[in-house]
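Start counting at 1 in the sequence shown, then tack on 6, and there's your number in this note's numbering.
Idealized CB from N, CA, C, for every residue including glycine.
Just so you know, these numbers come straight off a predicted model, no measurement behind them.
One structure is given here, and the rest of the page talks about it.
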Amino acid sequence: MRLIRWPNLVFIAITQLLFVYCIVHPVFEAAGVVPNISGIYFLALAAASVLIAAAGYIINDYFDLNIDRVNKPDKLVVDKIINRRSVILWHLLFSLLGVLLSFFVDWLTSARFITIANLGCVLLLFLYSISLKKKLLSGNVVISLLTAWVILVITWAETSNLLQTIDTGSYTEKITRITFLYAGFAFVISLIREVVKDMEDIEGDRRYGCRTMPIVWGINVSKVFVAVWMIVLMAALLIVQFYVLQFRWWFSAIYCILFVIVPLLLIFRKLFTARTSADYHQLSSWIKIVMFTGILSMVFFRIYL
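Below, the structure is given as structure tokens:
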């Protein structure tokens with residue numbers, strides 16, 4: 007369970023559950039559209055996402071063994087609790103099951119190319135683990151895109167419904183707009199967290215030849231990079247709040263300000279005083295909490311839509 011980062015997998019499942027049942031289904035119901043992804047098909051798609059993510063964590067730890075011996079020796083699982091051969095077998099098993107479940111969704115619903123897209127995710131996670139994570143920004147962007155894919159895959163699976171609309175195109179526009187709102191939030195906050203984690207892991211990464219942002223550009227420039235993206239994110243969130251207030255979504259706006267924007271401001275303030283690996287680890291944990299509170303805001307769409 008430690009190897010597959012089970013809390014992160016629960017977070018993925020909750021994200022997809024909320025997006026489907028608080029946003030996609032209410033919008034489709036109002037428009038009289040039958041969704042592709044519901045019931046057993048939703049379970050299959052969510053399980054595929056969780057299994058592929060678990061496989062990614064496993065293969066990442068396999069190739070990061072030496073770095074983790076420096077950065078987090080007390081959390082080692084590979085070669086300490088589970089031998090390397092078993093780790094590879096678990097990776098292959100989870101990847102295969104994730105792709106097979108994607109095929110099940112493709113085959114029995116009107117969703118298309120989920121199998122190919124998720125197979126691409128498996129390959130990207132493998133490339134990330136063996137190469138991309140050691141390169142400047144490449145690995146950070148890949149992980150951020152895959153984080154956004156957790157949301158995008160749901161809308162992708164409903165493409166056949168969204169492309170059929172002629173007279174009732176408003177619901178297509180609504181789904182698309184909300185999808186990119188949350189996928190954009192997931193991408194940006196994940197990118198911020200990835201760079202903060204690179205600052206946390208700088209010692210082990212430097213020892214084994216990684217070219218992450220803190221190593222190539224330095225800690226101070228990395229902090230400025232994170233700060234700029236945080237400002238962009240907070241500004242975008244404030245604009246969204248002004249937009250929803252015209253619909254009198256008071257509780258939604260209050261929630262976002264108190265549990266997303268204010269925590270981001272506190273993280274922003276703490277960023278420039280952080281010095282040690284423990285400081286950056288704490289920041290990373292706080293950012294993950296904000297990711298969670300941001301995703302939980304999907305509940306308000308169920309209330310207001």
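Asked: On the criterion of 16 or more Cβ atoms from any shown chain inside 10 Å, does residue 14 qualify as buried, or is it exposed?; Found: exposed
Asked: Using the Cβ count rule (16 or more neighbours within 10 Å means buried), how would you classify residue 36?; Found: exposed
Asked: Report the residue from 98, 42, 80 whose alpha carbon sits nearest the alpha carbon of residue 118.; Found: 42
Asked: In angstroms, rounded to a whole number, what distance separates the CA positions of residue 9 and residue 62?; Found: 10 Å
Asked: Can you tell me which of the three DSSP states residue 266 falls into?; Found: helix
Asked: Residues in its own chain within less than 8 Å of residue 1 by CB, not counting five upstream and five downstream?; Found: Given that the chain is displayed from residue 7 to residue 311, the structure contains no residue 1 and the question cannot be resolved.
Asked: Exposed or buried, which one is residue 21 when buried takes at least 16 other CB atoms within 10 Å?; Found: buried
Asked: Between which two residues does the alpha helix (DSSP H) containing residue 213 stretch?; Found: 208-213
Asked: List the endpoints of the continuous alpha helix (DSSP H) containing residue 306.; Found: 305-310
Asked: From this set, 195, 60, 146, 94, which residue's C-alpha is nearest residue 234's C-alpha?; Found: 195
Asked: Closer than 8 Å is the cut-off here; do at least three beta carbon pairs connect the segment 268-277 with the segment 292-303?; Found: yes
Asked: Under the assumption that residue 143 contacts residue 47 (Cβ atoms under 8 Å), give the Cβ distance between them as a whole number of angstroms.; Found: That pair is no contact at about 36 Å.
Asked: Once the 5 residues before and after residue 199 are set aside, which same chain residues still bring their CB inside 7 Å of it?; Found: 290, 293, 294
Asked: Alpha carbon to alpha carbon, how far is residue 110 from residue 50? Give it in angstroms, no decimals.; Found: 8 Å
Asked: Could you tell me if residue 248 is buried or exposed, where buried requires 16 or more neighbouring beta carbons within 10 angstroms of its beta carbon?; Found: exposed
Asked: Going by the CB atoms, is the gap between residue 128 and residue 101 shorter than 8 Å?; Found: yes
Asked: Skipping 5 residues on each side, what residues in its chain have a beta carbon closer than 8 Å to that of residue 68?; Found: 84, 90, 93, 94, 97, 135
Asked: Between residue 44 and residue 229, what straight-line distance do the alpha-carbon atoms span, to the nearest angstrom?; Found: 42 Å
Asked: Report buried or exposed for residue 273, applying the criterion of at least 16 other Cβ atoms within 10 angstroms of its Cβ.; Found: buried
Asked: Start and end of the alpha helix (DSSP H) containing residue 91?; Found: 90-114
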